[in-house]
Amino acid sequence: MFTRALERSARRAASSPSCHAALRVSCAAPITSVCARFASEASASTMPTERAERDGLDSFRARLASGPGFDDFVKGDALPGSAYSLAAPASLKDKSVRKPAWMKRVVPGGDKYVEIKKKLRELKLSTVCEEARCPNLGECWGGGEGQTATATIMIMGDTCTRACRFCAVKTSRAPPPLDEEEPKNVASAVAAWGLHYVVLTSVDRDDLPDQGAEHIAQTIRNLKQSAPDILVEALTPDFRGDERLIQTVARSGLDVFAHNVETVPELQAGVRDRRANWAQSIDVLKIAKASGAKITKTSIMLGLGETREQVVRALRLLRDADVDVVTFGQYMRPTKRHLAVAEYVTPEAFDAYREIAESMGFLYVASGPMVRSSYRAGEYFLEGVLKKRKEAEKKALA
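The numbers in full-length UniProt numbering rise by one with no breaks, and the one at position 176 of the sequence shown is 176.
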């Protein structure tokens, strides 16, 4: 199964004009003799850059098409060296290493983008799209032909009590008090946009007695009251693992309970705030499912220095916790004060991870350099799944 999945990734790579390979080797997994030879030949080459990149990628495709399996991928044989990832710049000022073509996005714009931004300002609402400097902001807010513009609304303010080393959201031990009108304003904004699927996320509020659980739940209830057919996904904090608080949100009427593990278990301490950890996040997802959440969802960033073995092991642990949906995206450094990017993982590698996750039985997997946990690509799929389930429930009660 894994052999066929990797062969399909190779064929897609061969036909995609947007996939490029660089000649620097930045591989998270151990480098085999084949990888070392490939890197050595590439570094010794004096060909022009474009030709060298093309020849290097063609060489990789030929090796991959010869039939490597899952173990080869994990060990580094299937996607060696620059076919797995490209080197990242040493700092934000380092111009010697170019950002890969697949990591570039158009500047936000369009009528829908302007409309959503205006409404957000009027109602004094924040979005994680802006606060976290999401690269998909223009695509999601601007919409497209036959598509609904979407925005992930961030509630409980724009200041977090945590200080994760990857996140661009402002931090403080004592953020401003909650806006009591926010649950109502969120419902008003969503009604004005005419959305069918909305994503709510929030900052952590360790300063509050209930860490904001009731505020999140009330916002969801208001949304459901104002638009009974709307589908609501909530990307929640960890509530420090408090079962009662997790249940408050999970039983509020939401359709998708999301909580991000962010990275593999081995890198948690260096990436997330000291109050967050893998075991606690897994417990949050388990409690949510046991409390009635229809679908549970999480996200993992790649490019922080994780190995392939660590990613695959993390996927197995997530399936063991009965997580339904997982997304993979490339970590992008917000400012020089944040963690540096260790490597740019290639689209081919993201494809391989997607097929590996799908083979494990996840309900849905979104995997790509620009994918984020709230990226709308998965929302359309989940909307269909949830509607079918609701129709089945109605028929069963009839």
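All residues carry an ideal CB built from backbone N, CA and C; glycine is no exception. Just so we're clear, the structure is a prediction, and the values are computed from it rather than from any experiment.
One question on the structure: do residue i and residue j come within less than 8 Å of each other, judged by their Cβ atoms?
| i | j | result |
| --- | --- | --- |
| Asp-238 | Lys-289 | no |
| Val-256 | Thr-236 | no |
| Pro-175 | Thr-152 | no |
| Ala-349 | Ala-88 | no |
| Thr-219 | Leu-200 | yes |
| Ala-168 | Thr-335 | yes |
| Arg-221 | Ser-252 | yes |
| Val-371 | Gly-329 | yes |
| Val-311 | Tyr-353 | yes |
| Glu-355 | Met-301 | no |
| Phe-166 | Leu-339 | yes |
| Val-186 | Met-154 | no |
| Ile-246 | Ile-287 | yes |
| Phe-362 | Asp-324 | yes |
| Leu-386 | Lys-294 | yes |
| residue 432 | Leu-208 | Absent from the structure is residue 432, since the part of the chain shown begins at 1 and ends at 398. |
| residue 436 | Arg-272 | A query on residue 436 cannot be resolved here, the shown segment of the chain reaching from 1 to 398 and no further. |
| Ser-291 | Asn-260 | no |
| Gly-212 | Met-156 | yes |
Helix, strand or coil, according to DSSP, for residue i in the structure here?
| i | result |
| --- | --- |
| Ala-392 | helix |
| Ala-234 | strand |
| Tyr-364 | strand |
| Glu-306 | coil |
| Leu-386 | helix |
| Gly-270 | helix |
| Ser-26 | Confidence in Ser-26 is poor, its pLDDT being 34 and thus under 50, which makes the residue's placement unreliable; the coordinate value appears in the next sentence. Correct three-state label for Ser-26: coil. |
| Leu-331 | The question names Leu, but residue 331 in the sequence shown is Tyr. Coil. |
| Glu-41 | Reliability fails at Glu-41, whose pLDDT of 35 lies under 50, so the model's placement of it is uncertain and the value that follows must be treated cautiously. Note: Glu-41 maps to helix in three-state DSSP. |
| Tyr-353 | helix |
| Arg-240 | helix |
| Val-371 | coil |
| Leu-317 | helix |
| Leu-397 | helix |
| Val-326 | strand |
| Val-341 | coil |
| Thr-46 | Caution is warranted here: a pLDDT of 36 is assigned to Thr-46, below 50, making its placement in the model unreliable, and the coordinate value is therefore given only provisionally. Three-state DSSP puts Thr-46 in coil, outside helix and strand. |
| Ser-33 | Because the pLDDT at Ser-33 is just 31, under 50, the model does not fix this residue reliably, and the value given afterwards should be weighed accordingly. Helix. |
Between which two residues does the beta strand (DSSP E) containing residue i stretch?
| i | result |
| --- | --- |
| Val-203 | Val-203 -> no beta strand (DSSP E), and no H or E assigned at all. |
| Lys-261 | Strictly speaking, residue 261 in this sequence is Val, with Lys absent from that position. Element bounds for Val-261: n/a, residue is neither H nor E. |
So residue i and residue j are supposed to be a Cβ contact under 8 Å. How far apart are they, rounded?
| i | j | result |
| --- | --- | --- |
| Arg-275 | Arg-240 | 7 Å |
| Tyr-84 | Val-345 | 7 Å |
| Glu-383 | His-196 | 6 Å |
| Ala-191 | Ala-227 | 6 Å |
| Ala-258 | Lys-297 | 4 Å |
| Asp-158 | Lys-170 | 6 Å |
| Glu-306 | Leu-267 | 6 Å |
Note the first and the last residue of the continuous alpha helix (DSSP H) segment covering residue i.
| i | result |
| --- | --- |
| Thr-346 | Thr-346 -> no alpha helix (DSSP H), and no H or E assigned at all. |
| Ala-290 | 278-290 |
| Ser-226 | 213-226 |
| Val-249 | 243-250 |
Examine the ligand FMN and report whether any of its heavy atoms sits within less than 7 Å of the Cβ of residue i.
| i | result |
| --- | --- |
| Val-169 | Although the ligand FMN was asked about, the structure shown includes no ligands whatsoever. |
Is there a Cβ from chain E that is less than 8 Å from the Cβ of residue i?
| i | result |
| --- | --- |
| Leu-254 | Note that chain E does not occur in the displayed structure, where there is just one protein chain. |
Note down, one range per segment and in chain order, each alpha helix (DSSP H) of at least 4 residues found wholly within the region 145-195.
Within the region 145-195, the complete alpha helix (DSSP H) segments at least 4 residues long are 182-193, listed from N- to C-terminus.
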